[in-house]
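Contents: one structure, followed by commentary.
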Amino acid sequence: MPWELTPDRPIYIQLTEQIELKICAGIYPRGSKMPPVREMAREASVNPNTMQRALAGLEESGLLFTIRTSGRFVTKDEKLVKQVKQRLAREHARKFLDRMHRLGFDYEEILAALSKLAKENKK
Amino acid sequence: MSSAILECSNLTKTFGAVTAVDGVTLDIPCGSIVGLLGPNASGKSTFLKLCNKLLSPTSGEVRIAGYKPGMESKRLVSYLPERSYLNDWMKVCDIIDLFADFYPDFNKDKAGNMLQKLNIKRSDRLKTMSRGTKEKVQLILVMSREAQLYLLDEPIGGVDPAARDFILDVILANYDPAATIVLSTHLIADIERILEQVIFIKEGRIILNKTVDKIREESGKSVDALFREVFRC
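Chains A and B, in that order, are what the protein sequence lines are.
If you're matching positions, the first sequence starts at 159 in our numbering and goes up one per residue.
If you're matching positions, the second sequence starts at 7 in our numbering and goes up one per residue.
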């Protein structure tokens with residue numbers, strides 16, 4: 159999963175969102191050790207201090223924790239990761255609904271379009 | 007010791023009737039990457055030359071880790087000037103030896119690695135290289151020093167976008183978190199992501215000094231978009 163950064167919003171916020179996503183997707187599995195800050199900064203081509211800021215924020219929210227001398231780890235708390243997943247899913251869904259409304263779809267039409275697409279995907 | 011690596015107070019440089027740097031007061035902290043951004047002829051290069059004693063201030067002063075620019079400061083500062091001072095007839099390996107002789111903090115292995123990654127041969131002469139390749143060689147030399155402060159005047163001006171990405175990667179990979187990089191450029195979009203702080207300079211004066219994320223938060227715009235707005239012709 160590559161790092162995608164848009165130019166209009168603060169970089170650390172976007173990094174936070176994408177690390178959350180990677181934790182939910184299991185790219186950084188629960189209980190695993192996170193890569194070093196410098197390596198992550200290089201991968202995303204961002205300033206190490208900005209990456210550090212995103213990681214510090216995630217530590218505050220409990221998704222990451224640090225053990226002194228051995229590094230930074232992803233939480234083992236399954237419930238917490240689920241909560242984040244739910245939150246991200248709601249945010250994505252809200253954005254999707256918003257765009258569909260702007261296209262002139264009402265809820266019925268959106269649901270119909272979704273189930274049609276789901277059926278097509280199954281085939 | 008204060009936590010600022012570079013401090014200026016009321017720094018001014020005039021050339022006859024032209025004021026190139028106009029009363030700049032500024033602290034740049036240790037451990038950051040700072041972009042010095044401004045249109046052509048805004049005083050960026052003059053400012054960097056003042057920091058390297060290539061020019062003397064008309065009034066005011068600049069201090070690097072507490073020293074006035076001179077012998078002591080040059081030990082700590084790795085400077086990429088706007089124009090090359092290397093001799094055209096020299097081979098890459100000669101220049102590396104020259105730098106290693108000159109600067110005790112020069113890391114030959116680092117330089118060798120970067121040259122290899124960019125497919126630049128040690129036996130090549132500068133004379134035979136394109137402008138972009140010459141720029142790459144110079145940047146490699148400057149970044150191979152383990153300095154406390156890097157002052158880079160337009161480090162990515164002449165290189166193609168793919169090499170630009172490589173150079174940013176070089177900067178990120180070789181940068182010691184305790185060191186500070188100040189770089190001047192007008193190619194902001196390419197470099198914005200690796201900057202922590204930006205300084206806008208206009209007609210020799212600082213008109214903005216903020217972190218990149220603060221700018222994005224407050225204006226909802228990229229630094230590049232804000233720059234275009236502030237400096238619209």
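By construction, the Cβ of each residue, glycine as well, lies at the ideal position given by its N, Cα and C atoms.
Taking a contact as a CB-CB distance under 8 angstroms, the pair B/Q144 and B/L92 counts as one, their CB atoms being some 7 angstroms apart. Rounded to whole angstroms, B/D196 and B/T20 show a C-alpha spacing of 32 angstroms. Put simply, of B/H192, B/R151 and B/R137 the residue whose alpha carbon is nearest the alpha carbon of B/D159 is B/H192. Within the stretch 209-266 of chain A, the runs of beta strand (DSSP E) at least 3 residues long that lie entirely inside it are, in chain order, 222-225 and 229-232.
Under the three-state reduction of DSSP output, B/D33 falls in the strand class. Annotation: Cβ neighbours of A/I169 in chain B (cutoff 9 angstroms, chain order): E198, R199, V218, D219 and R222. Rounded to the nearest whole angstrom, the C-alpha separation of B/L124 and B/I101 is 17 angstroms. An exposed status is given to A/L275, since fewer than 16 other beta-carbon atoms sit within 10 Å of its beta-carbon.
Cα atoms of A/I268 and A/M258: separation of roughly 7 angstroms, rounded to the nearest angstrom. Residue pairing by DSSP places B/I187 opposite B/I39 and B/Y156 in a beta bridge. Spatial neighbours of A/L216 in its own chain (CB-CB distance under 8 angstroms, excluding positions within 5 residues in sequence) are listed in chain order as T174, I177, E178 and L222.
By the C-beta density criterion, B/R222 is buried, having at least 16 other C-beta atoms within 10 angstroms. Across the stretch 201-214 of chain A, CB contacts with chain B closer than 7 angstroms involve S203, V204, N205, P206, N207 and T208, in sequence order along the chain. Within chain A, the residues D166 have their CB atoms less than 7 angstroms from the CB of B/G226, given in chain order.
Counting only Cβ-Cβ distances below 7 angstroms, B/P183 has contacts in chain A at P206, in chain order.
Among the residues facing chain A, B/L132 is not included, as its CB has no counterpart in that chain under 8 angstroms away. In the structure shown, the three-state DSSP call for B/L60 is coil.
For the C-beta of A/A199, the chain B residues within less than 9 angstroms are, from N- to C-terminus, L178 and I200.
B/E67 has B/S15 as its beta-bridge partners, per DSSP. Non-local C-beta neighbours of B/A185 in its own chain, meaning closer than 6 angstroms and more than five positions away in sequence, comprise Q154, ordered along the chain. Distance from the CA of B/E88 to the CA of A/S203, rounded to the nearest whole angstrom, comes to 25 angstroms.
With respect to the 8 angstroms criterion, B/I187 and B/V40 are classified as neighbours on the basis of their beta carbons.
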